[in-house]
Amino acid sequence: MEPESESALVRSIYYGKIGKGKTERLLERHGREGSFLLRDSESLQGMYCLCVRKTPYVHTYRIHHSSEGWTLQVSCSVLS
Numbered sequence: 001m002e003p004e005s006e007s008a009l010v011r012s013i014y015y016g017k018i019g020k021g022k023t024e025r026l027l028e029r030h031g032r033e034g035s036f037l038l039r040d041s042e043s044l045q046g047m048y049c050l051c052v053r054k055t056p057y058v059h060t061y062r063i064h065h066s067s068e069g070w071t072l073q074v075s076c077s078v079l080s
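Oh and the sequence shown: position 12 is 12 in UniProt numbering, straight run, nothing missing.
Following this line, the structure appears as structure tokens:
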């Protein structure tokens, strides 16, 4: 993937500082099975949340970026 394409993709899925409730409403009302977005973590500074719609829930996975690369949390939480 070209750097410009990758940057455009990230901008299209990154929602910044939106809360869990708004995330859930967005994915339930406007998304379909497998829809996702990336947002800032509300509770852990510097972390991101990958939120994925898998009916009937929105699953949230924490992502951390460091100088060593990206880390994805193994367990997930469910917004219901």
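Backbone N, C-alpha and C define an ideal beta-carbon position, used for all residues, glycine too. Fair warning: this is a prediction, and the values are worked out from it, not measured in the lab.
query                                                                                                                                : result
For the alpha helix (DSSP H) that contains Lys22, what are its first and last residues?                                              : Lys20 to His30
When the Cα atoms are used, what is the spatial distance from Glu68 to Leu44?                                                        : 19 Å
Less than 9 Å between the C-beta atoms of Tyr48 and His64, yes or no?                                                                : yes
Taking Arg39 as the reference, give the member of Trp70, Gly19, Thr71 and Ser66 with the closest Cα.                                 : Gly19
What's the call for Arg32, buried or exposed, on a 16-neighbour Cβ count within 10 Å?                                                : exposed
Comparing C-alpha positions only, which one of Leu50, Lys54 and Tyr57 sits nearest to Leu72?                                         : Leu50
Tell me which same chain residues have a C-beta within less than 8 Å of the C-beta of Gly34, skipping the five on either side of it? : Val52, Arg53 and Lys54
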